[in-house]
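Asker:
Residue numbers (the UniProt record's numbering): 1 to 115.
#1: Determine the extent of the alpha helix (DSSP H) in which residue 84 is found, giving its start and end residues.
#2: Where does residue 66 fall in DSSP's three states?
#3: Since residue 100 and residue 107 are thought to touch, with beta carbons under 8 Å apart, how far apart are those beta carbons, to the nearest angstrom?
#4: Spatial neighbours of residue 50 within its chain, please: CB distance less than 7 Å, with the 5 preceding and 5 following residues excluded, ordered by chain position.
#5: Would you report the Cα separation of residue 104 and residue 91, rounded to the nearest angstrom?
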């Protein structure tokens, strides 16, 4: 069959209407949900998977996560040390300034003069 065999007035019609999973309520205030839909909502995409997994599986997942966090912290130790040293050398420190000469005294210092 080629394009010329089809006329513009002959269009295929849907013989079967798709079934809706929602039923309109008579008072049109909302949508009537079936029990199956409520089950899908509770156990669907947004369900809490921890409630459905066994204790051994949860223990395995938790141990994997904790090991990953520990490896991540260990891998960035050098960076954290360099960052802290850089802040210290720039004069940024989070120290209490209670030991200043007098109340409201300035605790700023110039790192270029402190050598």
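Backbone N, C-alpha and C define an ideal beta-carbon position, used for all residues, glycine too. Since this is a predicted model, take the numbers as computed values, not measurements.
Answerer: Working from what's here:
#1: Per DSSP, residue 84 belongs to the alpha helix (DSSP H) from 77-90.
#2: In this structure, residue 66 counts as helix in the three-state DSSP scheme.
#3: Confirmed, Cβ separation roughly 6 Å.
#4: Sequence-distant Cβ neighbours of residue 50 in its own chain, meaning closer than 7 Å and more than five residues away, are 58.
#5: When rounded, the distance between both Cα atoms is 19 Å.
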